[in-house]
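Asker: Quick one: the structure is below, questions incoming.
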Amino acid sequence: MKKVLNHTDAVVEEMLDGFVKAHSDSLKRLPDTSVVIRNDAPVTGKVGIVSGGGSGHEPAHAGYVGKGMLDAAVAGEVFTSPTPDQVLEAIKAVDSGEGVLLIIKNYTGDVMNFDMAAELAEAEGITVEKVIVNDDVSVEDSTFTSGRRGIAGTVFVHKVAGAIAETKAPLQEVKAAAENVIKQVRSMGVALSPCTVPASGKPSFTLEEDEMEIGIGIHGEPGIERVPLQSADRIADTLLGKILADHEYDNSEVAVMINGMGATPEMELYIVYRQVANLLKEKGITIYANWVGEYMTALEMAGFSITLLKLDHQIKSALSATTDAQAFK
Amino acid sequence: MKKVLNHTDAVVEEMLDGFVKAHSDSLKRLPDTSVVIRNDAPVTGKVGIVSGGGSGHEPAHAGYVGKGMLDAAVAGEVFTSPTPDQVLEAIKAVDSGEGVLLIIKNYTGDVMNFDMAAELAEAEGITVEKVIVNDDVSVEDSTFTSGRRGIAGTVFVHKVAGAIAETKAPLQEVKAAAENVIKQVRSMGVALSPCTVPASGKPSFTLEEDEMEIGIGIHGEPGIERVPLQSADRIADTLLGKILADHEYDNSEVAVMINGMGATPEMELYIVYRQVANLLKEKGITIYANWVGEYMTALEMAGFSITLLKLDHQIKSALSATTDAQAFK
Amino acid sequence: MILTVEKTIQWMREIHKRMEANKEQLTALDQAIGDGDHGINMARGFGEVVAKIDGTEYESVADVLKSAAMTLTAKIGGASGPLYGTAFLKMATALQGQEVDQQNLKSAIDQALEGIKMRGNAELGEKTLYDVWYQVADFLGTEKVEDWQEMLEVCQATIEDTRELKATKGRASYLNERSRGHVDPGSMSSYYIFEALATVIEMED
Amino acid sequence: MILTVEKTIQWMREIHKRMEANKEQLTALDQAIGDGDHGINMARGFGEVVAKIDGTEYESVADVLKSAAMTLTAKIGGASGPLYGTAFLKMATALQGQEVDQQNLKSAIDQALEGIKMRGNAELGEKTLYDVWYQVADFLGTEKVEDWQEMLEVCQATIEDTRELKATKGRASYLNERSRGHVDPGSMSSYYIFEALATVIEMED
Ligand SMILES: Nc1ncnc2c1ncn2[C@@H]1O[C@H](COP(=O)(O)OP(=O)(O)O)[C@@H](O)[C@H]1O
Ligand SMILES: Nc1ncnc2c1ncn2[C@@H]1O[C@H](COP(=O)(O)OP(=O)(O)O)[C@@H](O)[C@H]1O
Ligand SMILES: [Mg+2]
Ligand SMILES: [Mg+2]
Ligand SMILES: [Mg+2]
Ligand SMILES: [Mg+2]
């Protein structure tokens, strides 16, 4: 394992320390927690928005804290959902009396820990609502299983919910906006190389030079299928094909995200964007806005995901609203 | 070699195509060239600013094209300086009659190709000035050799020159501002893994699990010294130590850039930033602003560089000026 | 009385030892069908449990279990944190004010099982740690245990059974058919919990 | 007359063949002390030269060289593009309106050498392609060449000499002492240029 770090069990601590040092003009850390919040939280009259999850997905989640996006992000250990007490601290710190929305990615661990935090917060008299993001079309959508994972599409949920909350909309409205995005967003990813959890020191899997994993999540886990390495255009065809087959996009406007998993050069992301743009044009789908870069990573995994968000009037204006979150522009 | 691409000899072409597709609201490509320019170029009354270099350094250089930064970026093949005719096209396209400043990184190839372009442009009656960035303190500074390389500090030169040019300052003033930044900026980098030029298909060097290269450039070249892998804090100490020894920083204000080389997770960059901030604090040097992320990469190399820019009033206000360049915020 | 305060404390220490010793194994199992943090999580969690215990006086078995539950919930995170936290909390509640014999240990584990089910929404055969707790509860209900190693045989068989199952809950479920052929990491860590339990129960007082 | 239009065209083709055949070797040399693109650059550049030549009629040796010069400058980039572009342009200028014999070939290469020096600012012994051109010019001035293979022996010895030199110009200079022990990639590509030249000069008309 080759990483720039000091102690494998201090990575989250030191990263958060560096992060708030770098952005102390707009953010701070709640003392003795792994919670990063807006300097001005709680914002009077505004619904608080809290997200978070395991670390290793940087810039998620602290990079999305800021005016117009999250009020707080809770960081767990690498790839490990944060614990209920940490989430509770975040909820308490951002509640202005208008209630708090939790944006949770659909992983058993995240759901359970955030649920417990919500129960604890409710017991303290805070109104809490939750939305669960499950945008990964590579996973079968079934009520008998844990369902689909939440991956890069989560960033759009942050953005839209954050923008709506900034208008001082009530909790139910903010929640409805977030759920609308969740209904309209689909993603799928591919990995060319694994990643290494610092405390483990071993790569999450091994791939031959000519293999890739299709349908991966954001935790260095194996994907749905191991297939021969293909050209950028063919991979884009496959991922986009799965996404388009999963939702009704005819004549629609969309936002596109090409999300690097950590080690994929921007050069390659734009080569993928090119093909996605070509394919969508062919299909008569209009790209209203795009994001190409690293938004929801898996440490130093090589690979990327494609996210398509089908737009309506509300989502469009929320995407265009300003935010001073570090990692979204 | 595992890369997301179609044909190894089409990577630059397809990347540029994807890039301008993604950002067509503010940029375009000069037809049949590898030049990306602002949609509104040439801007009347404004000095034009052109930079560029080999590809593989994304978001450099096209990511810095925009209001308040570059008017045009010229892309060469991967790690290969662009040719004079391409640079000439860029110069011609951005000259509004106020002259053009070329921002060149100090590599023999870049210097020669941009020089030839400048000669051709002068022959067509365009006033051209050049500045040469050489911020890499790992290289000995000598008049008998090619001197120091230009690396991540170049981005600050783009920003400051771009901001000054945006105020419609005359060419000499823009040039002087750029040269002032060059005098005040120092950088040094480290690599934990090599990178692979697509057309070559072979990694630029091999490193053992417990080794790193200190004093690397941005082309996957070996560094000044191969040493055992060290902790984040010790690496930061070494790089920063070299930088601080090279210039007078007492009681000064600085801008800091922690630049990922391509595959280094943001987590690690913030762990480095933390130590840099601690060290500078100890030394009584004030951080006025910081940039942590990928600004000048070497494909998928793992590693990072530290850049310190000593500030004065002009640089400070130029750094704070707005820009709509994709990759700078 | 099969568990005393001292033995319960010792139970926690024995669990911790096993989680440390098998950290890599558990993590490797989790890499195959999960996200590769299970051993790290368990070692960290029970490390914290032991650290907490070291500085505290306890009145009852239930107190020790409750303390462990709180620590696990607050220090593990992920899926296993809430699940084991809930399991130990339910055991603590079940054993409140009681001395521990096989019978109320069985009730305690029944309660833990209910807690796991409530939290994780899993059923038998979904390739999760629920499977191991279910079979242990079942085993404790069937006969008077003389040899606690028999409980471990039950666990071992269950773990082996998880191998060929298709996961339908937890992270491994995303792999669908590809989840077959690998032992469930959480079932394995549960095995170490019961192995530690058998060890302390069989210890001389 | 040692070079005709046809032979000059053939020279370009022979160079191209060699650059393609040795693309990996040149790139590997450049990986050791540069940025690993030299073989790719040279193969691309002379590929373009040949493509251009295929569609064009030439009147004179100078015309062919000038066409090659323009293409190299416009299609290679990096350090080698301007350097080889300049070298061929200077040769073209020197040979303008002339038939080519050893004497004016020598003058042409002298001019190329001056051009390289002007562009690259290198001197003898700085571990660059300048070294090879310098020794070739020197060799052509000393005696009437009967066997063109002798020129290649001179080149080979020079390349070998670059191995132990410390680079003070170009990318390899950043490596300082670490640049020793590796042959200069540009010197190697220059060798192929002169090897191709010897081949066409010795060809039957
Ligand atoms: N819904 C569930 N019900 C019961 N146990 C579960 C459930 N989801 C996961 N588990 C257990 O948790 C284990 C994984 O724990 P761990 O790796 O620590 O958490 P995470 O999956 O969040 O990384 C699995 O091996 C499985 O036994
Ligand atoms: N200043 C110089 N003068 C003469 N030759 C040079 C100079 N700098 C570099 N070279 C030659 O160019 C070669 C490198 O060419 P190439 O790899 O194509 O360009 P780059 O260094 O820009 O990647 C070196 O091996 C050397 O022979
Ligand atoms: Mg986990
Ligand atoms: Mg080069
Ligand atoms: Mg796990
Ligand atoms: Mg080179």
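One line per chain: the protein sequences are A, B, C and D, in this order. Take the first sequence: its position 63, counting from 1, is numbered 63 in UniProt numbering, and each next residue is one higher. Take the second sequence: its position 79, counting from 1, is numbered 79 in UniProt numbering, and each next residue is one higher. Take the third sequence: its position 186, counting from 1, is numbered 186 in UniProt numbering, and each next residue is one higher. Take the fourth sequence: its position 179, counting from 1, is numbered 179 in UniProt numbering, and each next residue is one higher. Ideal placement from N, C-alpha and C gives every residue a C-beta, glycine not left out.
1. Quick check on E213 of chain A - is its C-beta less than 8 angstroms from some C-beta in chain C?
2. Chain D partners of G199 of chain B, CB-CB under 8 angstroms?
3. Could you tell me which whole beta strand (DSSP E) segments of length 3 or greater appear in the region 249–304 of chain B?
4. What residues in the region 235–267 of chain A bring their beta carbon closer than 8 angstroms to a beta carbon of chain B?
5. In whole angstroms, what is the alpha-carbon distance linking V185 of chain B and I315 of chain B?
6. Does the beta-carbon distance from A152 of chain A to Y295 of chain A come in below 8 angstroms?
7. Tell me which residues of the region 165–196 of chain D have at least one Cβ-Cβ distance to chain B shorter than 7 angstroms, keeping chain order.
8. For F139 of chain C, count neighbouring Cβ atoms within 10 angstroms of its own Cβ and tell me buried if that reaches 16, exposed if not.
9. Alpha carbon to alpha carbon, what distance is there between N290 of chain A and P170 of chain A?
10. Beta-carbon within less than 6 angstroms of A165 of chain A's beta-carbon, same chain only, minus the 5 sequence neighbours each way: which residues are those?
11. Measure the alpha-carbon distance for E266 of chain B versus H61 of chain A and round it to whole angstroms.
12. At what residues does the beta strand (DSSP E) containing K105 of chain A begin and finish?
13. With burial defined as no fewer than 16 other Cβ atoms inside 10 Å of the residue's Cβ, what is the status of M203 of chain C: buried or exposed?
14. With 7 angstroms as the C-beta to C-beta threshold (strictly closer), list the residues of the region 14–26 of chain C near chain A in chain order.
15. Could you name the residues that DSSP lists as bridge partners for D136 of chain B?
16. List the endpoints of the continuous beta strand (DSSP E) containing S55 of chain B.
17. Take S193 of chain B as the anchor and find which of B:E129, B:A199, B:L299, B:S187 has the nearest alpha-carbon.
18. If I'm right that L72 of chain C touches G85 of chain C with Cβ under 8 angstroms, what's the distance once you round it to whole angstroms?
19. Verify the contact flag: D110 of chain A, CB atom, against every heavy atom of ligand 7, threshold strictly below 7 angstroms.
20. Beta carbon of residue 334 of chain A, beta carbon of I306 of chain A: below 8 angstroms?
21. Relative to ligand 3, is the shortest distance from any of its heavy atoms to the C-beta of D71 of chain B smaller than 7 angstroms?
22. Measure from the alpha carbon of R180 of chain C to the alpha carbon of each residue in C:R44, C:E126, C:I109, C:F88, then state which is nearest.
23. Can the beta-carbon of M69 of chain A be found less than 8 angstroms from the beta-carbon of K159 of chain A?
24. Taking the DSSP output, what are the residues bridged to L27 of chain B?
25. Ligand 4 heavy atoms versus the CB of G85 of chain D: any closer than 7 angstroms?
26. Would Y270 of chain A pass as an interface residue toward chain B - the criterion being a Cβ-Cβ separation below 8 angstroms?
27. Out of C:E177, C:S190, C:K17, state which residue places its alpha-carbon closest to the alpha-carbon of Q156 of chain C.
28. Let me check one thing: in DSSP terms, what residues is A73 of chain B bridge-paired to?
29. Please identify, using Cβ separations under 7 angstroms, the residues of the region 126–149 of chain B that lie next to chain D, in order along the chain.
30. Mapping the DSSP letters down to three states, classify I15 of chain C as helix, strand or coil.
31. So, is the C-beta of H7 of chain B closer than 8 angstroms to a C-beta in chain D?
32. Compute the minimum distance between the beta carbon of R171 of chain D and the heavy atoms of ligand 6, and state whether it is under 7 angstroms.
33. Below 8 angstroms on the Cβ atoms is my contact criterion, and I expect A161 of chain A with I91 of chain A to pass it. Report the Cβ-Cβ distance as a whole number of Å.
34. Where E211 of chain A and E58 of chain B are concerned, what is the direct C-alpha to C-alpha distance, given to the nearest angstrom?
35. So, under 8 angstroms CB-CB, V11 of chain B and L5 of chain B are touching, yes? Tell me the CB distance rounded to an integer number of Å.
36. Where does K130 of chain B fall in DSSP's three states?
Answerer: On the basis of the coordinates in this document:
1. By one-based count along the first sequence, residue 213 of chain A stands at place 213. No, no contact with chain C.
2. Counting from 1 along the second sequence, the entry for residue 199 of chain B is found at position 199. The amino acid at residue 199 of chain B is misidentified as Gly; the sequence shows Ala. Going along chain D in sequence order, the residues near A199 of chain B (Cβ under 8 angstroms) are D37, I40.
3. If we require 3 residues or more, the beta strand (DSSP E) runs fully inside the region 249–304 of chain B come out as 253–260, 286–293.
4. Within the region 235–267 of chain A, the qualifying residues are I235, G262, A263, T264, P265, E266, M267.
5. For the purposes of this step, residue 185 of chain B is taken as residue 185 along the second sequence, with counting starting at 1. For the purposes of this step, residue 315 of chain B is taken as residue 315 along the second sequence, with counting starting at 1. Rounded to whole angstroms, V185 of chain B to I315 of chain B spans 11 angstroms at the Cα level.
6. The residue labelled residue 152 of chain A in the question sits at position 152 within the first sequence. The residue labelled residue 295 of chain A in the question sits at position 295 within the first sequence. Cβ distance < 8 angstroms, so A152 of chain A and Y295 of chain A count as in contact.
7. Within the region 165–196 of chain D, the residues whose Cβ lies closer than 7 angstroms to any Cβ of chain B are, in chain order, T168, K169, G170, R171, S173, Y174, L175, N176, R178.
8. Within the third sequence, the letter at position 139 stands for residue 139 of chain C. Burial call: buried.
9. Walking along the first sequence from the start, residue 170 of chain A turns up at place 170. Walking along the first sequence from the start, residue 290 of chain A turns up at place 290. Cα to Cα, P170 of chain A sits roughly 29 angstroms from N290 of chain A.
10. As a position in the first sequence, residue 165 of chain A is number 165, starting the count at 1. The answer, listed in chain order, is K46, V47, I49, V174.
11. Here residue 266 of chain B refers to the residue found at position 266 when the second sequence is read from its first residue. Here residue 61 of chain A refers to the residue found at position 61 when the first sequence is read from its first residue. Answer to the nearest angstrom: the Cα atoms are 12 angstroms apart.
12. As a first step, residue 105 of chain A is located in the first sequence; it is residue number 105 there, counting from the start. From DSSP, the beta strand (DSSP E) with K105 of chain A extends over 100–105.
13. Along the third sequence, one-based indexing puts residue 203 of chain C at 203. Answer is exposed; the Cβ neighbour count stays below 16.
14. Taking 7 angstroms as the Cβ-Cβ cut-off against chain A, none of the residues of the region 14–26 of chain C qualify.
15. Here the question's residue 136 of chain B lines up with position 136 in the second sequence. BP columns for D136 of chain B point to B:S187.
16. Start at 1 with the first residue of the second sequence, and residue 55 of chain B comes out as number 55. Element bounds for S55 of chain B: 48–55.
17. Within the second sequence, residue 193 of chain B is the residue found at index 193, counting from 1. Across the set B:E129, B:A199, B:L299, B:S187, the C-alpha of B:L299 shows the shortest separation from the C-alpha of S193 of chain B.
18. Here residue 72 of chain C is taken as the residue at index 72 of the third sequence, counted from 1. Here residue 85 of chain C is taken as the residue at index 85 of the third sequence, counted from 1. Indeed, because the Cβ distance is near 4 angstroms, the residues count as touching under 8 angstroms.
19. Ligands present in the displayed structure are limited to ligand 1, ligand 2, ligand 3, ligand 4, ligand 5 and ligand 6, and ligand 7 is not among them.
20. Coverage of chain A is limited to positions 1 through 329, which leaves residue 334 of chain A absent and any answer about it impossible.
21. Working through the second sequence from its first residue, we reach residue 71 of chain B at position 71. No, the Cβ of D71 of chain B stays beyond 7 angstroms of every heavy atom of ligand 3.
22. As a working mapping, residue 180 of chain C is identified with position 180 in the third sequence. The residue with the shortest Cα to Cα distance from R180 of chain C is C:E126.
23. Numbered from 1 along the first sequence, position 69 holds the residue referred to as residue 69 of chain A. Numbered from 1 along the first sequence, position 159 holds the residue referred to as residue 159 of chain A. Yes. Within cutoff.
24. Reading the second sequence from its first residue, position 27 is the one you call residue 27 of chain B. Per the DSSP secondary-structure output, L27 of chain B pairs in a beta bridge with B:R38.
25. Locating residue 85 of chain D in the fourth sequence gives position 85, counting from the first residue. G85 of chain D: no, Cβ never under 7 angstroms from ligand 4.
26. Along the first sequence, read from residue 1 onward, the residue named residue 270 of chain A stands at position 270. Yes, its Cβ sits closer than 8 angstroms to a Cβ of chain B.
27. If you number the third sequence from 1, residue 156 of chain C lands on position 156. Closest option to Q156 of chain C, Cα to Cα, is C:S190.
28. Within the second sequence, the letter at position 73 stands for residue 73 of chain B. B:V36, B:S51, per the DSSP bridge assignment.
29. Taking 7 angstroms as the Cβ-Cβ cut-off against chain D, the residues of the region 126–149 of chain B that qualify are V139, E140, F144, T145, S146, R149.
30. As a working mapping, residue 15 of chain C is identified with position 15 in the third sequence. Helix, per DSSP.
31. Against the second sequence, residue 7 of chain B aligns to sequence position 7. It does not; no Cβ of chain D falls within 8 angstroms.
32. Taking the first residue of the fourth sequence as 1, we reach residue 171 of chain D at position 171. Yes, the beta carbon of R171 of chain D sits closer than 7 angstroms to at least one heavy atom of ligand 6.
33. Translated into positions along the first sequence, residue 161 of chain A becomes position 161. Translated into positions along the first sequence, residue 91 of chain A becomes position 91. That pair is no contact at about 15 angstroms.
34. As a working mapping, residue 211 of chain A is identified with position 211 in the first sequence. As a working mapping, residue 58 of chain B is identified with position 58 in the second sequence. In a straight line, the C-alpha of E211 of chain A is about 26 angstroms away from that of E58 of chain B.
35. On the second sequence, residue 11 of chain B is found 11 positions in, with the first residue counted as 1. On the second sequence, residue 5 of chain B is found 5 positions in, with the first residue counted as 1. Right, the Cβ-Cβ distance comes to about 5 angstroms (below 8 angstroms), so this counts as a contact.
36. For the purposes of this step, residue 130 of chain B is identified with residue 130 of the second sequence, where counting begins at 1. Correct three-state label for K130 of chain B: strand.
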